[in-house]
Amino acid sequence: MSLADYIEEYIKMLLSLSPRQWIDIQRSELAGKFNCVPSQINYVLATRFTPERGYLVESRRGGNGYIRILRVKPLSKKTWKDLFNEDKLDAHKARDFLQRLYEEKLISRREAFIIETTLHEDIYKKLPLNEEQKSLIMKRLFYNMITAILKES
Numbered sequence: 000m001s002l003a004d005y006i007e008e009y010i011k012m013l014l015s016l017s018p019r020q021w022i023d024i025q026r027s028e029l030a031g032k033f034n035c036v037p038s039q040i041n042y043v044l045a046t047r048f049t050p051e052r053g054y055l056v057e058s059r060r061g062g063n064g065y066i067r068i069l070r071v072k073p074l075s076k077k078t079w080k081d082l083f084n085e086d087k088l089d090a091h092k093a094r095d096f097l098q099r100l101y102e103e104k105l106i107s108r109r110e111a112f113i114i115e116t117t118l119h120e121d122i123y124k125k126l127p128l129n130e131e132q133k134s135l136i137m138k139r140l141f142y143n144m145i146t147a148i149l150k151e152s
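At position 66 of the sequence shown (counting the first as 1) the number is 65 in the numbering used here, and the numbers step up by one without a gap.
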């Protein structure tokens, strides 16, 4: 496991122990605990605690500054479409969204693996289409696969 993995797991553990749906942490204290620079904490927060994964991160700077990490209400079959914006979707956001669906047990590991294969760029390389068209196909495949699986469950 990488340092980022350990930091992520630690933050998730703190969230699971919190009686609220959020925690407040000090970036410098967390960096000290993991013997790393604060920018490493920023990296973990920016890449692992995204809305697509079910988190919001608020930051307050200054002497008593803190970072508040909120766990967003779990998805339901009815609300996931409201959070899913096909126009702004890219492969990275799609993978994060897929991870969230799996963590919330809305899809199985196998379903996540199958859907994730539609996000590999090499599938689209040989198609005689421009990048925008390839991206549109990837988005529609992803969206339709998620829709089909969630309709069945």
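Built from N, CA and C at the ideal position, the CB exists for glycine as well.
Could you pull out every residue in the same chain whose Cβ sits closer than 6 angstroms to the Cβ of I24, ignoring the five residues on either side in sequence?
I66
Are there any heavy atoms of the ligand ZN lying less than 8 angstroms away from the beta-carbon of E8, as far as the coordinates show?
Because no ligand of any kind appears in the structure shown, any question about the ligand ZN cannot be addressed here.
Exposed or buried, what is M12 when buried is set at 16 or more other beta-carbons lying within 10 Å of its beta-carbon?
exposed
Between the C-alpha atoms of L128 and A3, what's the straight-line distance to the nearest angstrom?
Spanning the two alpha carbons is a distance of roughly 37 angstroms.
Runs of alpha helix (DSSP H) lying entirely within the segment 76 to 140, each at least 4 residues, in chain order:
79 to 82, 90 to 102, 108 to 115
8 angstroms contact criterion, which L14 and R99 should meet: CB distance rounded:
With a Cβ gap of about 14 angstroms, L14 and R99 do not count as contacting.
Compare the Cα-Cα distances from Q20 to each of Y54, R26, A45, I40 and report the closest residue.
Y54
So the alpha helix (DSSP H) S15 belongs to, where does it begin and stop?
It spans 2 to 16 - the alpha helix (DSSP H) in which S15 sits, taken as one unbroken run.
Are the CB atoms of K92 and E51 nearer to each other than 9 angstroms?
yes
Taking just the CA atoms, how far does A45 sit from Y9?
Approximately 16 angstroms, taken between the alpha carbons.
Decide if F157 is buried, meaning its Cβ has at least 16 other Cβ atoms within 10 Å, or exposed.
Since the displayed the chain opens at 0 and closes at 152, residue 157 lies outside it and no answer follows.
Apart from the five residues just before and just after R26, which ones in its own chain have a Cβ nearer than 7 angstroms to its Cβ?
Answer for R26: P37, I40, I66, listed in chain order.
Expressed to the nearest angstrom, what Euclidean distance is found between the alpha-carbon atoms of L105 and I145?
Roughly 10 angstroms between the two C-alpha positions.
Where R70 sits in the DSSP three-state scheme
strand
Leaving out five residues before and five after F141 in sequence, what residues of the same chain have Cβ atoms less than 6 angstroms from its Cβ?
A93, T117
Residue burial classification, E130 (beta-carbon count within 10 angstroms, cutoff 16)
By the beta-carbon neighbour count (other beta carbons within 10 angstroms, threshold 16), E130 is exposed.
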